[in-house]
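Accompanying notes for the structure given below.
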Amino acid sequence: MSQKILITTAIDYVNDVIHIGHAYQKIVADSFARYYRLFPENEVFFLTGTDEHGSKSEEAAAKLGVEPKAFVDEVSAKDRAQLDALNISYDRFIRTTDADHREVVIDFYKRSLANEDIYKGSYTGLYCVGCEEFLKEKDLVNGKCPNHPTKEISTLTEENYFFKWSAFSGFLKEYIESHPDFVKHEARKNEMLSFIEQGIEDIPISRTTVHFGIPVPNDPDHVLYVWFDALINYITGAPEYFADDNATIIHFLGKDNVRWHALLWPAMLRSAGFRMPTTVYGHDFFTLNGQKISKSLGNVILPTELVEKYGVDAVRYYFLRYGPLRNDVDVTIEELERVYNSDLANGLGNLVSRVAKMAEKEGMSVNHKTLVISELEDFKIFDQYFSDFRIDLAIEFIWNKVHELDRYVDHHKVWEQKGEEKEKSLQFLSRGLLEIAVYVSPLLPDTAQKITDQFTGDTVVSGNSLFPRL
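For the sequence shown, full-length UniProt numbering begins at 1 and goes up steadily by one.
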């Protein structure tokens with residue numbers, strides 16, 4: 001039976017171009033999408049994009065002397081170019097300025113309004129322009145937002161429309177506790193339950209001081225604000241998945257977004273009559289010198305800078321194996337280069353080169369060229385890593401196979417073998433590399449294709465080094 005699987009990332013705000021923190025999330029999500037596509041019975045849709053409305057876009061455009069739409073068009077295109085450089089295989093790159101998104105948001109708002117989950121009021125609170133949200137005094141560190149310490153916190157009083165988030169507290173607690181796969185991983189789940197225990201308050205969903213946005217249908221002096229616009233992109237981009245109770249819906253995002261996806265978004269969906277996501281996975285952060293990498297802090301590294309120097313699959317490998325899946329990770333160029341040389345140039349790259357050169361010299365062709373992942377001997381182990389959201393262990397599993405083949409070459413001294421013995425060894429090694437290519441294809445797609453091309457022609461060809469030494 002076919003399975004419908006929706007993979008999403010958080011959509012990125014367009015006050016500036018995305019950096020490696022955003023790139024990590026996209027690479028992880030892309031690897032899951034590519035993995036599930038390996039199975040012909042799956043119908044996979046991978047959604048990413050940009051969040052474009054709001055005060056930050058207005059302010060950034062004003063500084064440049066351009067209209068907000070012209071500004072977001074330019075930054076969104078740059079973001080998309082960053083993702084393309086990382087070989088991100090999205091099915092739709094959605095923009096919250098898309099015409100169909102406006103219609104879906106308006107319909108969603110009307111559904112919640114009809115269910116009396118939206119009301120008009122006023123709010124006074126501490127406002128962080130970096131987050132575009134109100135904060136509590138207890139959220140601040142030395143009077144500053146912990147995520148945007150360079151931004152001033154202002155006290156803001158404003159008339160808003162509110163969403164009755166508090167009305168869903170009981171539902172949210174029960175749902176999280178009764179669905180163990182809903183919030184991943186355990187630390188994130190405990191944070192969400194703690195937040196509920198502290199008391200959920202109704203949340204403003206409109207602004208009167210912002211003009212670049214979707215007007216509130218029953219009051220055009222207001223525009224819909226951040227989450228009641230941005231989160232709904234998932235329905236705009238993949239409506240058929242939210243209409244199918246049997247579909248799997250996985251949201252990948254940073255840990256600072258988990259609250260909105262695990263608590264606000266389900267409440268909104270419940271209010272408007274839609275199904276729940278299957279899993280919300282919140283990863284940790286890359287840091288630079290111990291500080292979160294952030295557009296607002298100006299300490300960003302662009303993905304294209306790394307890709308141009310090291311190659312796309314080297315960047316993907318480093319992020320997937322050593323990235324902040326479950327803990328913050330301090331990134332350094334020195335560590336990336338150490339990993340590149342040890343794991344890639346001297347690891348997989350050297351192994352492929354050794355075997356291919358010996359096989360090419362023998363004029364050998366490889367038997368059993370077509371491999372199906374579900375038929376491989378250790379497939380169930382590999383598949384379980386994806387089920388457990390342990391993509392770091394999945395790539396470690398592959399590299400254990402690389403080491404096994406390396407040891408085989410050295411132990412049997414294949415380069416000294418002759419005749420039938422050498423043919424047998426090279427067939428074993430070549431098939432092993434083709435298995436590695438299948439396993440690694442969702443993670444390092446270009447590398448997988450290069451290995452496959454080298455070992456599935458009329459004869460094996462050595463080709464260029466996969467990862468030239470630095």
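Heads up, the beta-carbon is just placed ideally off N, CA and C, and yes, glycines get one too. The structure displayed is predicted, hence computed values, not measured ones.
query	result
Going straight from the alpha carbon of T459 to that of E362, what length do you get?	9 Å
Nearest to G349 by CA position, among V329, A437, S194, M364, is which residue?	A437
For F163, which of helix, strand or coil comes out of DSSP?	strand
Let me confirm a value: L470 is counted as buried when at least 16 other C-beta atoms fall within 10 Å, else exposed. Which label applies?	exposed
Assess, as a yes-or-no matter, whether the stretch 66-80 is touched by the stretch 222-231 under the definition of 3 or more beta carbon pairs within less than 8 Å.	no
What residue range is occupied by the uninterrupted alpha helix (DSSP H) comprising N233?	233-237
If you run the structure through DSSP and keep just helix, strand and coil, what is P68?	helix
In the DSSP output, which residue or residues are listed as bridge partners for N42?	Q3
Per DSSP, Y131 forms a beta bridge with which residues?	This sequence places Cys at residue 131; Tyr is not what is there. According to DSSP, which records beta bridges pairwise, C131 is partnered with nothing at all.
Are the Cβ atoms of W165 and L264 separated by less than 8 Å?	yes
Drop a sphere of 10 angstroms on the beta-carbon of Q3, count the other beta-carbons inside from all chains shown, and report buried for 16 or more, exposed for fewer.	exposed
Would the stretch 233-244 count as touching the stretch 176-184 if we require 3 or more Cβ pairs under 8 Å?	no
So, are the CB atoms of T208 and E158 less than 8 Å apart?	yes
What does the alpha-carbon distance come out to for the pair K418 and P40?	41 Å
Hey, G432 and K401: beta-carbon distance below 8 Å or not?	yes
Using the Cα positions of A272 and T48, report the straight-line distance between them to the nearest angstrom.	23 Å
Quick check on T9: does DSSP put it in helix, strand or coil?	strand
Excluding the 5 residues flanking K422 on each side, which residues of the same chain have their C-beta closer than 8 Å to its C-beta?	M358, E362, V414
Under 8 Å, do V105 and I249 count as touching if we go by C-beta distance?	no
Closer than 6 Å by C-beta to K173: which residues in its own chain qualify, once you throw out the five before and the five after it? Chain order, please.	I196
Would you decide whether I94 is buried or exposed? Buried here means 16 or more other CB atoms lie within 10 Å of its CB.	buried
Can you give me the Cβ contacts of V141 inside the same chain, cut-off strictly under 8 Å, excluding the 5 residues immediately before and after it?	P149
Of the choices D139, A356, F467, whose alpha-carbon is the least far from that of R338?	F467
Can you tell me the Cβ-Cβ gap for H19 and I333, rounded? I've got them flagged as a contact below 8 Å.	The Cβ separation is near 14 Å, so there is no contact.
Using a Cβ-Cβ cutoff of less than 6 Å, which residues in the same chain neighbour Y90 once the five nearest sequence positions on both sides are dropped?	F46, T48
With a CB to CB cut of under 7 Å and the five nearest residues on each side skipped, what residues in its chain are close to K144?	I153
So the candidates are G457, I451, T456; which of them puts its Cα closest to the Cα of S465?	I451
Contact between the stretch 250-264 and the stretch 298-306 is defined here as three or more beta-carbon pairs at a separation below 8 Å; is this criterion met?	no
Could you spell out the range, first to last residue, of the alpha helix (DSSP H) harbouring L405?	391-412
Would A397 pass as a contact of I373 if the rule is Cβ separation under 8 Å?	Reading the sequence as shown, one finds Phe at residue 397 and not Ala. Not in contact: F397 and I373 (Cβ atoms no closer than 8 Å).
What residue range is occupied by the uninterrupted beta strand (DSSP E) comprising G282?	279-283
Could you please give the first and the last residue of the uninterrupted beta strand (DSSP E) stretch that includes R95?	92-95
Can you tell me whether N367 is buried or exposed, with buried defined as 16 or more other CB within 10 angstroms of its CB?	exposed
Of the choices Y385, L434, L269, D330, whose alpha-carbon is the least far from that of D229?	L269
Suppose you measure from the CA of A247 to the CA of Y340; what does that come to, to the nearest Å?	38 Å
Count the other CB atoms, across all protein chains shown, that sit within 10 Å of the CB of V461; report buried if there are 16 or more and exposed otherwise.	exposed
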